[in-house]
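In terms of the numbering used here, the sequence shown opens at residue 0 and continues consecutively. Glycine is no exception: its CB is placed at the ideal position from the N, C-alpha and C atoms.
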Amino acid sequence: MKVLLAMLFSCFFIAGSGQYYLNDMISLQQGAEQYKLLRANRIKTVKITSYDNAGNVSDEISLQQELTMDGRKMTITDATASGKKTSTVNFYENSRLRRATSGTSGIETKTDYSYDDKGRLLKLTVTTTDTAMKYSSAEIHDWTYDNDGQPLQMLRIKNGTDTMVVSFVKDEHNNIAEERWKKNNRLQETYYYYYSDKKQLTDIVRYNSKLKKMLPDFIYEYDQDGKLAQMTQVSLNSGSYFIWKYTYNEKGLRQKEACFDKARNPVGSVVYSYQGFLDIK
Numbered sequence: 000m001k002v003l004l005a006m007l008f009s010c011f012f013i014a015g016s017g018q019y020y021l022n023d024m025i026s027l028q029q030g031a032e033q034y035k036l037l038r039a040n041r042i043k044t045v046k047i048t049s050y051d052n053a054g055n056v057s058d059e060i061s062l063q064q065e066l067t068m069d070g071r072k073m074t075i076t077d078a079t080a081s082g083k084k085t086s087t088v089n090f091y092e093n094s095r096l097r098r099a100t101s102g103t104s105g106i107e108t109k110t111d112y113s114y115d116d117k118g119r120l121l122k123l124t125v126t127t128t129d130t131a132m133k134y135s136s137a138e139i140h141d142w143t144y145d146n147d148g149q150p151l152q153m154l155r156i157k158n159g160t161d162t163m164v165v166s167f168v169k170d171e172h173n174n175i176a177e178e179r180w181k182k183n184n185r186l187q188e189t190y191y192y193y194y195s196d197k198k199q200l201t202d203i204v205r206y207n208s209k210l211k212k213m214l215p216d217f218i219y220e221y222d223q224d225g226k227l228a229q230m231t232q233v234s235l236n237s238g239s240y241f242i243w244k245y246t247y248n249e250k251g252l253r254q255k256e257a258c259f260d261k262a263r264n265p266v267g268s269v270v271y272s273y274q275g276f277l278d279i280k
C-alpha cells in the first residue's frame with residue numbers, strides 16, 4: 000500500500016525529480032484545473048478512504064484536503080498508521096498556485112511560483128531547510144518560451160552555482176517532443192514525449208542503458224470525455240510496473256483510483272469523498 004501514498008493527490012504535488020516538462024508544466028496545469036473544478040463545485044473538504052488488495056478498509060493511509068472558506072488556501076494532511084504525519088499548504092492567487100509549503104521531521108520545503116502576464120510559469124524556486132542539521136538548499140527553475148508560447152529552455156540552478164540546461168524540441172504539431180538535459184556541454188538525459196491525434200500525452204519514453212533499448216516511464220490512456228482513465232508507471236530498474244485506473248463522478252471530480260501490479264492483481268485503491276461549501280463571491 001505504500002505505493003498508494005506516493006500517488007495520492009498527484010495533481011496537487013509537483014515532483015522534485017524526473018521530467019521537468021511533466022513536473023513543472025503538465026502537473027502544474029493539471030493541479031490548476033483540479034483546483035478550479037473544486038472551486039466551481041464549492042468543495043471545501045476532500046477525504047480519502049484507502050482499501051487493501053482484498054477490498055478491506057485500510058488504516059495505513061489517512062489523507063484529507065481542505066480549502067479555506069475563500070478558496071485561496073489548501074491544506075493537505077496525510078498520516079500513516081505508524082504515526083508519521085505530513086502537511087502541505089498551497090496558497091493561490093488569481094486561481095494560480097503561488098506557494099506550497101510542507102514539513103515533516105524537522106525538514107521544511109517551500110516552493111514559490113512566478114508567472115508572466117500570459118499565465119506561463121517563469122520561475123519555480125524550491126527552498127529546503129533542515130532545522131536539525133542547520134542546513135538549507137535552494138533550486139531554481141528559470142523558464143523561457145519561443146514565439147509559439149512553448150517552452151524553449153529551462154535553467155535548473157542549484158545553490159546558485161550548479162547549473163543544468165534543459166532544452167526542448169517540438170514536433171510538427173507544436174507539441175513538446177524531446178526534453179534534453181545538458182551539463183558542462185555534455186548530454187545527461189533525453190526524454191521523448193508522444194501524443195494522440197487529439198494532442199493528449201500518451202507516452203513518456205527514455206533510453207534504458209541496462210536493457211539497451213527505449214522504454215516508457217509512463218503510458219496514459221483517456222476516456223471519451225478526455226479525462227485520464229489509466230496510467231501505467233514503469234520501474235526503470237526492475238522492469239516491473241503499476242497500472243492505475245481512474246473513475247470520476249458526474250461533476251468530473253475524481254471518484255476512485257485503483258492500482259494493479261504487472262500481473263493485473265489488485266494492489267489497493269482509494270476512494271474520494273467531497274464536502275462543501277465554500278463561501279466564494
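Residue i in three-state terms, based on DSSP
| i | result |
| --- | --- |
| LYS109 | strand |
| PHE12 | Any reading at PHE12 is ruled out, since the residue's pLDDT is 35, under 50, leaving its predicted position unreliable. |
| ASP116 | coil |
| ARG95 | strand |
| LEU7 | Confidence at LEU7 is low in this model, with a pLDDT of 46, below 50, so its placement is unreliable and the value that follows should be read with caution. DSSP places LEU7 in coil when its eight states are reduced to three. |
| ARG38 | helix |
| GLN64 | strand |
| GLY267 | strand |
| GLY30 | helix |
| LEU281 | Because the chain here runs from 0 to 280, residue 281 falls outside it and cannot be looked at. |
| ASP23 | helix |
| SER101 | strand |
| GLN18 | coil |
| GLY225 | coil |
| GLN84 | Correcting the residue type first, residue 84 is Lys in the shown sequence and not Gln. Of the three classes helix, strand and coil, the one that applies to LYS84 here is strand, per DSSP. |
| GLU171 | coil |
| ALA262 | coil |
| PHE217 | strand |
Expected contact under 8 Å - CB spacing of residue i and residue j to nearest Å
| i | j | result |
| --- | --- | --- |
| PHE259 | VAL266 | 6 Å |
| VAL164 | LYS181 | 5 Å |
| THR85 | GLY105 | Rounded, the Cβ-Cβ distance is 12 Å, inconsistent with contact. |
| ASP216 | VAL233 | 6 Å |
| THR44 | GLN63 | 7 Å |
| GLN229 | LYS244 | 5 Å |
Pair within 8 Å by beta-carbon distance, residue i and residue j
| i | j | result |
| --- | --- | --- |
| SER101 | THR87 | yes |
| TYR327 | LEU200 | Absent from the model: residue 327. The displayed extent of the chain is 0 to 280, so no value can be given. |
| LEU96 | GLY30 | yes |
| ILE156 | GLN18 | no |
| ASN40 | LYS250 | yes |
| SER195 | ARG179 | no |
| GLU177 | TYR193 | no |
Buried versus exposed call for residue i [16 or more other C-beta atoms within 10 Å across all chains shown]
| i | result |
| --- | --- |
| TYR134 | exposed |
| ASN89 | buried |
| ALA99 | buried |
| VAL56 | exposed |
| MET132 | exposed |
| SER113 | exposed |
| SER272 | exposed |
| MET213 | exposed |
| LEU4 | Confidence at LEU4 is low in this model, with a pLDDT of 48, below 50, so its placement is unreliable and the value that follows should be read with caution. It is buried - the Cβ of LEU4 has at least 16 other Cβ atoms within 10 Å. |
| GLU256 | buried |
| GLN274 | exposed |
| LEU210 | exposed |
| ARG263 | exposed |
| LEU186 | exposed |
| SER136 | exposed |
| ASP23 | buried |
Member of the options whose CA lies at the smallest distance from the CA of residue i
| i | options | result |
| --- | --- | --- |
| LEU151 | ILE175, THR130, TYR206 | ILE175 |
| ILE139 | THR126, ASP147, GLY148 | THR126 |
| ASP231 | ASP224, TYR221, GLN223, ILE242 | The sequence given here has Thr at residue 231, not Asp. Checked all of ASP224, TYR221, GLN223, ILE242; the closest Cα to THR231 is ILE242. |
| GLY70 | LYS35, ASN52, GLN63 | LYS35 |
| TYR91 | ARG263, LYS72, GLU171, ARG38 | LYS72 |
| TYR206 | ASP224, TYR194, GLY238 | GLY238 |
| LEU252 | SER268, LYS226, LYS261 | LYS226 |
| TYR240 | LYS261, GLN229, ALA228 | LYS261 |
| HIS172 | LEU66, ASP147, TYR245 | ASP147 |
| THR162 | ASP145, ASP141, GLU177, ASP51 | ASP141 |
| GLN149 | ASN158, LEU37, LYS117 | LYS117 |
| ILE75 | ILE47, ALA53, ASP58 | ILE47 |
| SER49 | ILE25, PHE276, ALA78, GLU32 | ALA78 |
| TYR144 | ASP115, ASN158, ASP170 | ASP115 |
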